[in-house]
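What follows is a set of notes on a single structure, which appears directly below.
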Amino acid sequence: MTDFSKTISFIDSIILNDVQRSAVLYNEGPQLVFAGAGTGKTRVLTAKIAFLIKEIGLFPNNIFAATFTNKAASEMRSRVEEMIGISCTGLWIGTFHSLCARILRRDAHHLGFTATFTIYDQQDQLSLIKKVMKEMGLEERTMQPKQVLRIISNYKNACIPWEELEDTGKSYYERELIQVYKQYQQALGHAQAMDFDDLITNTVYLFRKNVQVLERYRKQFHYVLVDEYQDTNKSQFYLVQLLARNHHRIFVVGDDDQSIYSWRGAQIENILTFDTVFPGTKVFKLEQNYRSTQAILDFANAVISNISNRAAKRLWTSRRSTSEVVVTRYRDDRQEADGVAEKISEYITKGITPGSMAILFRTNAQSRAFEDVLRKRNIQYVIVGGISFYERKEVKDCLAYLRLLVNPDDTISCERILNVPARGIGTKTQEKLALMALEKGVSLFKLVVSREYDAVGARASKGLEEFATIFSLLLELSENKTPPQDILSEMLSVTGYVDLLDAEDTGESRARLENINELLNALTIWHEENEGRTLSDFLEEISLATDIDGWKHEKDAVNLMTLHCAKGLEFEVVFLVGLEDGLIPSRQNFEDDCMLEEECRLFYVGSTRAMNTLTCSYADTRMRFGSIMPMEPSRFIEQVPPQLFRFVDRSMLFSQTVRPYTERRKKRVVVTKKQERPARPVYDDFNQDTVQYRMGQVVAHSKYGQGKILAISGFGPDMRLTVLFNDGSRKRLMAKFANLQPV
DNA sequence: TTGTTTATTCTTTTT
DNA sequence: GAATAAACAA
């Protein structure tokens, strides 16, 4: 055993429990740390890195640490720096994608790529696959591009190149698919582009193909650490194995109960069979939860207990419960949103910071109802994730211009902006140009800029000339090392992009201009903070940004995000909403037991985000796909013993209110499994002092006389009634002051 | 070729 | 209900 007695004082300065401490100090070989939710995983990982540098004497750049988000990476980096008081700029910490991009920028020339290759996001991938399929004459009807992309992604995640698949296709369909895969990869190559999967797989291919390169990195990385190991896929596993196979200095942390990314190729087996791949693995189990109260943990444990194949563990806590878990039934999604918002404002009044509360949902589409109702109540909120800033049309247009300056082979970007803003280069001209480019063996962009294209129509010819002129100006600026924000603003004025939006002058166009301004600001700030780095670095950074990366925990804003996005976070108060069959578990996963289990784990992940208060809810009906759908409570809720939560039924509060969809509701009542529902409605203490009203009801007012209720909005103390009185006047009244008497 | 309208699919989840 | 594709007029 190595003697670390002299190190005790350093490690003691970090608060660790016994298991955490021994996991940090162990230095005899491969380590697998099972870290349940809220057990201080990040702390262990950070302490481990600090220990390796400070006590084992590794240099920061000897360490390869893969985290799940860039945000986690930069936080860990600064925590390590705090612990050891040494700058850790050399530390290789980041997502697998960022780390691989870094390797590939340096070494992808061995694979025939330039150092400035472009990273294609999902939109770009889709455009490219559609183009490839069109060239092959495949109908989108027979093969859905998205589906094709998913299959290709699966191949890549398993590190199976198309070369291995050629001539193995059993059916016509399969053979065509493999051809698409081949064409797609070759198109990526021609465009000097890689998609997200390529970043990992190409790194693996590089290491497999080129032993010298692999050896160089093996020598550099004395230690490999992986966070969220349960969410790694096969290619990531190969990568880790290639780096650590010889020295076995590997440390992985994860929790099989929180594996929620199998649809992205993640293999839960990676963590469950780790000790057979790395013999002599020492397993550590972190089971003390520091986050949640007993009630929340009991609830979560009950949720996860329905899963068959899991590593044995039992979370415990010493935190006594302050409140019970509540499950609320609502009539529809709007009432749910309103109920949650109402609770939130109650908590705010009690002095709980909005920033310590979160609303978690299964799909991004669910956020809208909450946004509306929070805005109405003047409660600040942030949506974490969702439609990324960098995915907006106008932003992507700008980025496409910049990308072309860095990578003239990037055909997808070129096609995107060749006619944006419109300059008379229509689809027909573009098709002609594509053909010419193919014949001459140059990229579309090079063809146009060098003006080597043959005759085209007069209008198109003028447009192309304009495009070429614009770019010769921009390229010149770029070569003269003009700051990127200046290049961009030059492009915006010379193309007339801004003028067009200015002229439009609608709410939408103004929002777009604002986004463009924000992009200019972001570029300026980045340029100031990253002296010496190139435009290519900026473009990479934003392509690989994770949803959570841009999120700064604001004190005054309630957080809205998907369950996936919430992984690794914690909040004092959590609202888990939309707990209905079809949503969670998602309808698409009904058929597959493995996927159903994953949905269950997702529910578990959501529940364990809560520190003090957990409120779950579901609705009887919900607006989906533009129409109202009847919903059933999630089967996962029904699997939890009823004594572990308090059931509150608010669905009967008003017989009819916002939407009069009586027919659907009648139908729905028949379908209801009455016995399986927790008994009779238990009315929340919420509404005791308000009177029940319904639409169409005839009421009397002390001053205005008799009238009929036309509409009801809000509820509880905020309920407002629109009443048509017999004298023909229409009044909007606060229910609690109006004192209306039923007639 | 461009800008309108209409039809259709779509929602899981993300690097 | 929104975003995209197809269909159509100018």
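Under the numbering used here, the first residue of the first sequence carries the number 9, and numbering increases by one thereafter.
Glycine included, every Cβ here is placed at the ideal spot set by N, Cα and C.
Counting along the chain, no beta strand (DSSP E) covers Ala274, and no H or E run does either. Rounded to the nearest angstrom, the Cβ distance from Phe653 to Val335 is 5 Å, consistent with a contact under 8 Å.
Taken through DSSP and simplified to helix, strand or coil, Trp100 comes out as strand. Gly347 is not a Cβ neighbour of Asn372, given a cutoff of 9 Å. For Gly262, the three-state secondary structure derived from DSSP is strand.
A direct Cα-Cα distance of roughly 20 Å separates Lys178 from Ser161. Of the residues assessed, Thr554 falls on the buried side of the cut-off, its CB having 16 or more other CB atoms within 10 angstroms. Take the alpha-carbon of Gly515 and the one of Arg110: they are about 41 Å apart. Following the DSSP letters along the chain, one finds Asn567 in no alpha helix (DSSP H) but inside the beta strand (DSSP E) bounded by residues 566 to 570.
In this structure, Asn415 and Phe42 do not form a Cβ contact; the two beta carbons are roughly 43 Å apart against a cut-off of 8 Å. Residue pairing of Ser625 in beta bridges, as defined by DSSP: Thr336.
Excluding residues up to 5 positions away in sequence, Phe42, Ala43, Gly44, Ala45, Gln238 lie with their Cβ nearer than 7 Å to the Cβ of Asp263 in the same chain.
Contact annotation, Glu344 with Tyr338: C-beta distance approximately 4 Å; criterion of less than 8 Å satisfied. As for any alpha helix (DSSP H) of minimum length 4 sitting wholly inside the segment 448 to 488, the runs are 452 to 457, 466 to 487, ordered along the chain.
From the listed residues Asn620, Glu549, Glu89, Asp628, the smallest Cα separation to Leu591 is found for Asp628.
Contact annotation, Ala201 with Val232: C-beta distance approximately 28 Å; criterion of less than 8 Å not satisfied. In this structure the segment 170 to 177 does not lie against the segment 86 to 102, because fewer than three pairs of beta carbons, one per stretch, are closer than 8 Å.
Taken atom to atom, the span from the alpha-carbon of Gly432 to that of Arg158 is near 35 Å. For Trp534, the secondary structure class from DSSP, reduced to helix, strand or coil, is helix. Taking a cut-off of 8 Å for Cβ pairs, the segment 69 to 88 and the segment 575 to 588 touch, as three or more such pairs fall below it.
Here DSSP, grouped into helix, strand and coil, assigns Trp324 to strand. Residue state for Leu382 is assigned as helix, using DSSP reduced to three classes. In this chain, the beta strand (DSSP E) harbouring Phe42 covers 39 to 43.
For Glu580, the uninterrupted beta strand (DSSP E) run begins and ends at 579 to 584, by DSSP. With respect to the 9 Å criterion, His118 and Leu214 are classified as neighbours on the basis of their beta carbons.
By DSSP's assignment, Lys290 forms a beta bridge with Gln39. For Val648, no beta strand (DSSP E) segment is defined, and its DSSP state is neither H nor E. Leu496 and Arg541 have their C-alpha atoms roughly 17 Å apart. The segment 127 to 136 makes contact with the segment 192 to 199: 3 or more CB pairs, one atom from each, lie closer than 8 Å. In this structure the segment 456 to 467 lies against the segment 422 to 440, because at least three pairs of beta carbons, one per stretch, are closer than 8 Å. CA-CA distance, His256 to Pro38, rounds to 6 Å. Counting only runs of 4+ residues, the alpha helix (DSSP H) found wholly inside the segment 129 to 186 occupies 130 to 143, 153 to 165, 170 to 173, in chain order. Our two residues, Ser270 and Ser544, have alpha carbons roughly 31 Å apart in a direct line.
With respect to the 9 Å criterion, Glu580 and Ala618 are classified as neighbours on the basis of their beta carbons. Here Arg467 has Gly432 as same chain residues with Cβ atoms under 7 Å from its own Cβ, once five neighbours each way along the sequence are excluded. Note that the C-beta distance between Gly558 and Phe397 is below 9 Å.
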